[in-house]
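Q: Count along the sequence shown starting at 1, add 37, and that's the number in the working numbering. Where a beta carbon is used, it is the ideal one built from N, C-alpha and C, also for glycine.
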Amino acid sequence: MFDARLRTLIDPPLEMLGSRLARSGATANQITMVGFGFAIAAAGAIAWVGPLFGLLFVLLNRLCDGLDGAVARVNGKTDLGGYLDIVFDFFFYGSVPIAFAFADPGRNALPAAALLFSFYANGSAFLAYAIMAEKRGLETDKQGSKSLYYLGGLAEGGETIALFCLMCLWPAGFPVLAYSFAAVCVLSAGARVIIAVRTLRETPG
Numbered sequence: 038m039f040d041a042r043l044r045t046l047i048d049p050p051l052e053m054l055g056s057r058l059a060r061s062g063a064t065a066n067q068i069t070m071v072g073f074g075f076a077i078a079a080a081g082a083i084a085w086v087g088p089l090f091g092l093l094f095v096l097l098n099r100l101c102d103g104l105d106g107a108v109a110r111v112n113g114k115t116d117l118g119g120y121l122d123i124v125f126d127f128f129f130y131g132s133v134p135i136a137f138a139f140a141d142p143g144r145n146a147l148p149a150a151a152l153l154f155s156f157y158a159n160g161s162a163f164l165a166y167a168i169m170a171e172k173r174g175l176e177t178d179k180q181g182s183k184s185l186y187y188l189g190g191l192a193e194g195g196e197t198i199a200l201f202c203l204m205c206l207w208p209a210g211f212p213v214l215a216y217s218f219a220a221v222c223v224l225s226a227g228a229r230v231i232i233a234v235r236t237l238r239e240t241p242g
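(1) Once the 5 residues before and after Gln89 are set aside, which same chain residues still bring their CB inside 8 Å of it?
(2) Is there contact here, the region 90 to 104 with the region 122 to 140, by at least three beta-carbon pairs under 8 Å?
(3) Would DSSP call Gly62 helix, strand or coil?
(4) Cutting at 8 Å between CB atoms, please list the residues of its own chain near Ala151, excluding the five before and the five after it.
(5) Please classify Glu193: does DSSP put it in a helix, a strand, or coil?
(6) Counting C-beta neighbours from all protein chains within 10 Å, is the total for Gly181 16 or more, i.e. buried, or is it exposed?
(7) The alpha helix (DSSP H) that contains Gly103, what's its start and end?
(8) Counting Cβ pairs, one atom from each stretch, are 3 or more of them under 8 Å apart for the region 72 to 83 and the region 45 to 61?
(9) Can you look up Thr236 in the DSSP assignment and give me helix, strand or coil?
(10) Roughly how many angstroms separate the alpha carbons of Thr69 and Val108, rounded to a whole number?
(11) Write down the C-beta distance between Val258 and Gly55 rounded to the nearest angstrom, noting that I regard them as a contact closer than 8 Å.
(12) If contacts are defined as beta-carbon pairs under 8 Å, then Ala162 and Ala226 qualify, I think. What distance do you get, rounded to the angstrom?
(13) Classify Thr115 as helix, strand or coil using the three-state DSSP reduction.
(14) Taking Ala140 as the reference, which of Val86, Phe94, Glu193 and Gly160 has the closest Cα?
(15) Skipping 5 residues on each side, what residues in its chain have a beta carbon closer than 8 Å to that of Thr64?
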């Protein structure tokens with residue numbers, strides 16, 4: 038919901054740093070892979086060390102997620118880069134709830150399952166529409182330059198990262214936060230389905 042507004046704040050510094058990294062020889066796919074490593078480290082830290090330590094790797098993962106796109110815009114975007122970016126994003130989004138479930142199965146397992154279900158519903162509505170939009174030649178840049186059509190919703194990347202940060206800062210509140218955000222994600226998925234149905238009916242395919 039807030040991603041488009043956040044882009045105006047975070048894009049300029051990311052573009053500047055991304056340009057420097059590109060000139061130094063770094064590639065977008067390399068940064069994506071480093072970010073994936075931070076995602077694994079975040080999950081491991083949350084599960085077996087402590088959520089505050091995990092927060093550091095969550096933030097580093099998100100930094101890489103912004104930088105790989107900035108570098109790609111300098112070096113040139115590729116289908117492989119876009120594929121790795123979205124796939125590893127979803128791996129990351131799923132790993133954090135699972136990590137909290139491992140950290141305290143008795144308290145966190147069921148809320149984590151509810152949150153993962155909501156991510157699954159929201160992600161399928163997002164990705165299925167992206168496929169149909171590509172097929173019909175639909176484009177948007179409201180959330181910045183992307184490799185696929187980005188259909189906005191109530192629960193987007195910015196809100197999800199804010200949730201993960203809050204969970205790391207307040208691990209005792211994980212059940213409440215997970216159930217609350219799961220409800221938001223389900224509403225977001227429903228809204229995306231409605232938008233998709235309206236758009237696909239009005240656009241010849």
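A: In terms of the structure at hand:
(1) Position 52 of the sequence shown, counted from the start, is the residue given in the question as residue 89. The sequence as given places Leu at residue 89; Gln does not occur at that position. Cβ neighbours of Leu89 beyond the five flanking positions: Cys205 and Leu206.
(2) As far as the Cβ criterion goes, the region 90 to 104 touches the region 122 to 140, which means the pair count is three or higher.
(3) Against the sequence shown, residue 62 aligns to sequence position 25. Residue state, collapsed to three classes: coil.
(4) Residue 151 sits at position 114 when you count from the first residue of the sequence shown. So the qualifying residues of the chain are Ala215, Tyr216 and Ala219.
(5) By 1-based counting over the sequence shown, the position of residue 193 is 156. Of the three classes helix, strand and coil, the one that applies to Glu193 here is coil, per DSSP.
(6) Here the question's residue 181 lines up with position 144 in the sequence shown. Here the model assigns Gly181 a pLDDT of 45, short of 50, so the residue's position is not dependable, and the following value carries that caveat. The residue in question, Gly181, is buried, as its Cβ has 16 or more Cβ neighbours within 10 Å.
(7) Your numbering for residue 103 matches position 66 in the sequence shown. Start and end: Pro88 to Asn112.
(8) No: the two stretches stay apart, fewer than three of their Cβ pairs being nearer than 8 Å.
(9) The sequence position of residue 236 within the sequence shown is 199, counting from 1. Under the three-state reduction of DSSP, Thr236 is assigned to helix.
(10) Your numbering for residue 69 matches position 32 in the sequence shown. Your numbering for residue 108 matches position 71 in the sequence shown. Taking the straight line joining both Cα atoms gives about 10 Å.
(11) Since the first residue shown for the chain is 38 and the last is 242, residue 258 is missing from the structure and cannot be characterised.
(12) The sequence position of residue 162 within the sequence shown is 125, counting from 1. The sequence position of residue 226 within the sequence shown is 189, counting from 1. Contact flag correct, Cβ pair sits at about 5 Å.
(13) Counting from one through the sequence shown, the residue named residue 115 turns up at place 78. Residue state, collapsed to three classes: coil.
(14) Residue 140 sits at position 103 when you count from the first residue of the sequence shown. Minimum Cα distance to Ala140 is reached at Val86.
(15) Here residue 64 refers to the residue found at position 27 of the sequence shown. In chain order, Val108 and Asn112 place their CB closer than 8 Å to the CB of Thr64, counting only its own chain and leaving out the 5 sequence neighbours on each side.
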